[in-house]
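*Asks:*
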Amino acid sequence: MHSRTIAVSSIMAAFLILAIVHPALAHFGAVIPSDDIVTQDDDKTLNVQVKFIHPMEGQYMEMVKPKQFGVQHNGKKTNLLDTLAPAKGKSPDQDQSFTFWTTDYQIRRPGDYTFYVEPAPYWEPAEDLFIVHYTKVCVNAFGMEEGWDQHVGLEMEVIPFTRPYGLWTGNLFTGQVLLKGKPVPFAEVEIEYLNETPGNINIVLPPADPYVTQVVKADVNGVFSYAMPKAGWWGFSALNEADWTLTHDGQEKGVEIGAVYWVWTRDMK
Amino acid sequence: MKHVNCLLAVLFVVLSATAPALAHRVNLFAYAGGGTIFTESYFPDGRPVEGGNVLVYDSTDKLLLEGVTDTEGFFNFEIPKIDALKIVIDATMGHKNSFTLKKGEVEAGK
Numbered sequence: 001m002h003s004r005t006i007a008v009s010s011i012m013a014a015f016l017i018l019a020i021v022h023p024a025l026a027h028f029g030a031v032i033p034s035d036d037i038v039t040q041d042d043d044k045t046l047n048v049q050v051k052f053i054h055p056m057e058g059q060y061m062e063m064v065k066p067k068q069f070g071v072q073h074n075g076k077k078t079n080l081l082d083t084l085a086p087a088k089g090k091s092p093d094q095d096q097s098f099t100f101w102t103t104d105y106q107i108r109r110p111g112d113y114t115f116y117v118e119p120a121p122y123w124e125p126a127e128d129l130f131i132v133h134y135t136k137v138c139v140n141a142f143g144m145e146e147g148w149d150q151h152v153g154l155e156m157e158v159i160p161f162t163r164p165y166g167l168w169t170g171n172l173f174t175g176q177v178l179l180k181g182k183p184v185p186f187a188e189v190e191i192e193y194l195n196e197t198p199g200n201i202n203i204v205l206p207p208a209d210p211y212v213t214q215v216v217k218a219d220v221n222g223v224f225s226y227a228m229p230k231a232g233w234w235g236f237s238a239l240n241e242a243d244w245t246l247t248h249d250g251q252e253k254g255v256e257i258g259a260v261y262w263v264w265t266r267d268m269k
Numbered sequence: 270m271k272h273v274n275c276l277l278a279v280l281f282v283v284l285s286a287t288a289p290a291l292a293h294r295v296n297l298f299a300y301a302g303g304g305t306i307f308t309e310s311y312f313p314d315g316r317p318v319e320g321g322n323v324l325v326y327d328s329t330d331k332l333l334l335e336g337v338t339d340t341e342g343f344f345n346f347e348i349p350k351i352d353a354l355k356i357v358i359d360a361t362m363g364h365k366n367s368f369t370l371k372k373g374e375v376e377a378g379k
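Next up, the structure:
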């Protein structure tokens with residue numbers, strides 16, 4: 001009995017160690033602006049950061065320059081790829097820094113500005129596949145709430161059904177997952193809180209792996225919802241397998257494509 | 270009594286007809302360029318404020334000029350003074366908002 005207890009304890013200890021060493025890390029493309037609602041009293045220059053991260057744990061992954069980066073305003077797209085400059089970032093537990101991308105963008109007119117990124121495919125040896133996360137975020141300017149629900153036309157994208165700014169903590173965010181413009185029935189959507197949210201003084205320490213990444217499934221029309229329990233940035237990542245492949249070391253490899261959308265919530269006080 | 274009811278009904282219909290504007294805030298946005306100040310006034314959903322009164326004040330709150338927005342919600346005017354300009358949109362039923370162009374922004378748009 002005693003030895004059995006020890007055996008069970010050992011197994012549990014091993015499991016715990018494994019759990020710590022190999023947490024179920026979800027990858028997220030991220031586009032994080034310095035402000036979500038620009039008013040006439042605000043700085044009209046936004047800093048926009050483009051990253052590939054584990055939002056809850058805070059780890060960065062090396063990101064090469066994206067294939068596409070731009071902003072859609074008033075139905076018109078502007079290519080901002082050449083404005084991106086490399087920067088370095090890391091989580092407190094990472095011993096080296098990784099590349100992310102940053103730009104400053106001047107807001108000149110009222111309306112909604114949807115920033116979008118198509119990253120270069122990221123090779124993930126642990127999953128034996130490439131990852132491409134098409135990522136968007138919307139910034140509102142000067143009280144004209146128009147444009148946030150427009151399609152950008154990416155291979156895969158989330159269309160917000162909830163206006164994606166001016167959200168309180170606890171609000172329900174609803175969106176639709178589209179692949180080549182068509183809804184993805186029962187799409188799996190991963191949701192994470194960005195622990196490095198500016199001003200977040202209470203870092204979230206997940207008590208178990210399932211708390212790191214929330215998972216919801218879309219309905220038959222690709223529509224999903226999630227209520228956000230904390231103030232800060234939240235990432236919604238709908239995942240799908242691409243119908244195309246890429247070559248790695250001479251071998252055809254699958255591609256995980258994702259549509260990621262970021263929203264900011266604020267405590268009601 | 271019947272007349273009063275009728276009157277109330279008429280009043281309700283009249284008020285309902287203008288309700289969309291009442292339900293929304295109005296906004297004005299302004300920028301300066303090429304010696305002109307461009308303003309546009311709109312509701313949050315993007316619809317223009319037509320026929321709204323625009324009033325332009327300097328930094329001492331002195332009224333410099335006024336005008337009326339066109340069907341697109343625009344009202345443009347020559348830079349009246351190099352100063353911080355407070356531009357007010359005054360739509361119907363007391364729906365008001367303002368936008369302040371900083372002196373530097375006005376100067377840059379000369």
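In the order they appear, the protein sequences are chains V and W.
Counted the way our numbering counts, the first sequence spans residues 1 to 269.
Counted the way our numbering counts, the second sequence spans residues 270 to 379.
Using N, Cα and C, we set each Cβ at its ideal position, and we do this for glycine too.
1) Between the region 31-48 of chain V and chain W, which residues of the former have a C-beta closer than 7 Å to a C-beta of the latter?
2) Once the 5 residues before and after Lys77(V) are set aside, which same chain residues still bring their CB inside 6 Å of it?
3) Going along chain V, which residues have a C-beta under 8 Å from Tyr326(W)?
4) Would you say Asn345(W) faces chain V, with C-beta separation under 8 Å as the test?
5) Once DSSP output is grouped into helix, strand and coil, what is the label at Ala377(W)?
6) Quick check on the burial criterion: 16 or more other C-beta atoms within 10 angstroms. Buried or exposed for Met156(V)?
7) Residues of chain V with CB closer than 8 Å to the CB of Thr369(W), please, in chain order.
8) If the cut is a Cβ gap below 7 Å, which residues of chain W does Met144(V) touch?
9) At 8 Å on the CB atoms, spell out the chain W contacts of Pro110(V), in chain order.
10) Distance check for Glu341(W) and Gly302(W), CA to CA, integer angstroms please.
11) How long is the line joining the alpha carbons of Thr169(V) and Ser91(V), rounded to whole angstroms?
12) Figure out for me which residue from Asp243(V), Leu194(V), Glu252(V) has the closest Cα to the Cα of Met56(V).
13) For Gly100(V), which residues of its own chain have a beta-carbon under 7 Å away from its beta-carbon, when the five flanking residues on both sides are left out?
14) Report the rounded CA-to-CA distance for Pro164(V) versus Phe173(V), giving the unit in angstroms.
15) Take Glu347(W) as the anchor and find which of Lys379(W), Asn322(W), Gly321(W), Asn296(W) has the nearest alpha-carbon.
16) Rounded to whole angstroms, what's the CA-CA distance from Ala259(V) to Ala353(W)? Just pull it up for me.
17) Please identify the residue among Ala26(V), Ala141(V), Met228(V) whose C-alpha is closest to the C-alpha of Asp42(V).
18) CB-CB under 8 Å to Val323(W), same chain, minus the five flanking residues each way: which ones, in chain order?
19) Output needed for Thr83(V): all residues of its chain with C-beta closer than 6 Å, excluding positions within five of it in sequence on either side, in chain order.
20) Given this structure, state the Cα-to-Cα distance separating His151(V) from Tyr134(V), to the nearest angstrom.
21) Please work out which residues of its chain come closer than 6 Å, Cβ to Cβ, to Asp267(V), disregarding the five sequence neighbours upstream and downstream, and give them in chain order.
22) Take Val223(V) and list the residues in its own chain whose beta-carbon comes closer than 6 Å to its own, dropping the five residues that flank it on each side.
23) When we look at the beta-carbon of Trp244(V) and count the other beta-carbons within 10 Å, is it buried (16 or more) or exposed?
24) Pick from Arg316(W), Ile306(W), Asp314(W): whose alpha carbon is nearest that of Val325(W)?
25) Using C-beta distances below 8 Å, list every residue in its chain close to Pro185(V), excluding the 5 sequence neighbours before and after it, in chain order.
26) Glu256(V) and Leu129(V) look like a contact to me (Cβ under 8 Å); what is the Cβ gap, rounded to whole Å?
27) Using only alpha-carbon positions, find the residue among Glu124(V), Gly58(V), Gln72(V) that is nearest to Asp95(V).
28) Whose C-alpha, out of Lys67(V), Phe115(V), Ile53(V), Gly29(V), is nearest the C-alpha of Asp35(V)?
29) Counting only the same chain and skipping the five closest in sequence on each side, list residues whose C-beta sits under 7 Å from that of Ser97(V).
30) Taking Cβ positions, are Glu192(V) and Thr213(V) nearer each other than 8 Å?
31) Between the beta-carbon of Trp262(V) and the beta-carbon of Val137(V), is there less than 8 Å?
32) Less than 8 Å between C-beta atoms, sequence neighbours within five positions excluded: which residues of the same chain meet that for Val295(W)?
*Replies:* Result, derived from the coordinates:
1) Gln40
2) Counted from its first residue, the first sequence places residue 77(V) at position 77. So the qualifying residues of the chain are Gly70.
3) Position 57 of the second sequence, counted from the start, is the residue given in the question as residue 326(W). Chain V residues near Tyr326(W): none, gap ~15 Å exceeds 8 Å.
4) To locate residue 345(W), count along the second sequence from 1; it is residue 76. Not an interface residue.
5) Taking the second sequence and counting its residues from 1, the one referred to as residue 377(W) is at position 108. Secondary structure at Ala377(W): helix, using DSSP grouped into helix, strand and coil.
6) Your numbering for residue 156(V) matches position 156 in the first sequence. Under this definition Met156(V) is a buried residue.
7) Your numbering for residue 369(W) matches position 100 in the second sequence. The contacting residues are Gln40.
8) Taking the first sequence and counting its residues from 1, the one referred to as residue 144(V) is at position 144. Here the neighbours are Asn296, Tyr311, Pro313, Gly315.
9) For this step, residue 110(V) is matched to residue 110 along the first sequence. Going along chain W in sequence order, the residues near Pro110(V) (Cβ under 8 Å) are Asn296, Phe298, Glu309, Tyr311.
10) For this step, residue 302(W) is matched to residue 33 along the second sequence. For this step, residue 341(W) is matched to residue 72 along the second sequence. Straight-line Cα distance between these residues: approximately 19 Å.
11) Taking the first residue of the first sequence as 1, we reach residue 169(V) at position 169. Taking the first residue of the first sequence as 1, we reach residue 91(V) at position 91. Rounded to whole angstroms, Thr169(V) to Ser91(V) spans 25 Å at the Cα level.
12) Residue numbering aside, residue 56(V) sits at position 56 when the first sequence is read from its first letter. The option with the nearest alpha carbon to Met56(V) is Leu194(V).
13) In the first sequence, the residue the question calls residue 100(V) occupies position 100. The sequence given here has Phe at residue 100(V), not Gly. Scanning its chain for C-beta atoms nearer than 7 Å, with the 5 sequence neighbours on each side dropped, one finds around Phe100(V) the residues Gln49, Val50, Lys51, Tyr60, Met63, Ala87, Gly89, in chain order.
14) Translated into the one-based positions of the first sequence, residue 164(V) becomes position 164. Translated into the one-based positions of the first sequence, residue 173(V) becomes position 173. In a straight line, the C-alpha of Pro164(V) is about 8 Å away from that of Phe173(V).
15) On the second sequence, residue 347(W) is found 78 positions in, with the first residue counted as 1. Checking every option, the nearest Cα to that of Glu347(W) belongs to Lys379(W).
16) Here residue 259(V) refers to the residue found at position 259 of the first sequence. Here residue 353(W) refers to the residue found at position 84 of the second sequence. Near 44 Å, if we compare the C-alpha coordinates of Ala353(W) and Ala259(V).
17) Counted from its first residue, the first sequence places residue 42(V) at position 42. Among Ala26(V), Ala141(V), Met228(V), the Cα nearest to that of Asp42(V) is on Ala141(V).
18) On the second sequence, position 54 is the one that residue 323(W) refers to. So the list reads Leu297, Thr308, Ser310, Glu335, Gly336, Val337, Thr338, Phe344, Ile356, Val357, Ile358, Asp359, once near-sequence residues are dropped.
19) Translated into the one-based positions of the first sequence, residue 83(V) becomes position 83. Excluding residues within five positions, the ones whose Cβ falls inside 6 Å are Thr103.
20) Here the question's residue 151(V) lines up with position 151 in the first sequence. Here the question's residue 134(V) lines up with position 134 in the first sequence. Taking the CA atoms as reference points, His151(V) sits about 13 Å from Tyr134(V).
21) On the first sequence, position 267 is the one that residue 267(V) refers to. Here the set comprises Thr169, Ala231.
22) Residue 223(V) sits at position 223 when you count from the first residue of the first sequence. Excluding sequence neighbours, Val223(V) sits near Gln176.
23) Translated into positions along the first sequence, residue 244(V) becomes position 244. Exposed, since its Cβ has fewer than 16 Cβ neighbours within 10 Å.
24) As a position in the second sequence, residue 325(W) is number 56, starting the count at 1. Minimum Cα distance to Val325(W) is reached at Ile306(W).
25) As a first step, residue 185(V) is located in the first sequence; it is residue number 185 there, counting from the start. So the list reads Ala218, Asp219, Val220, Asn221, Gly222, once near-sequence residues are dropped.
26) For the purposes of this step, residue 256(V) is taken as residue 256 along the first sequence, with counting starting at 1. For the purposes of this step, residue 129(V) is taken as residue 129 along the first sequence, with counting starting at 1. Indeed they touch by this definition, with Cβ atoms about 5 Å apart.
27) Translated into positions along the first sequence, residue 95(V) becomes position 95. Looking at the Cα atoms, Gly58(V) is the closest of the given residues.
28) Within the first sequence, numbered from 1, the residue matching residue 35(V) stands at position 35. Among Lys67(V), Phe115(V), Ile53(V), Gly29(V), the Cα nearest to that of Asp35(V) belongs to Phe115(V).
29) On the first sequence, position 97 is the one that residue 97(V) refers to. Closer than 7 Å at the Cβ level, and outside the excluded window around Ser97(V), lie Lys88, Gly89, Lys90.
30) In the first sequence, the residue the question calls residue 192(V) occupies position 192. In the first sequence, the residue the question calls residue 213(V) occupies position 213. Yes.
31) As a working note, residue 262(V) is residue 262 in the first sequence. As a working note, residue 137(V) is residue 137 in the first sequence. The Cβ-Cβ distance between Trp262(V) and Val137(V) falls below 8 Å.
32) Your numbering for residue 295(W) matches position 26 in the second sequence. Contacts found: Ser310, Tyr311, Phe312, Val318, Gly321, Ile358, Ala360, His364, Lys365, Asn366.
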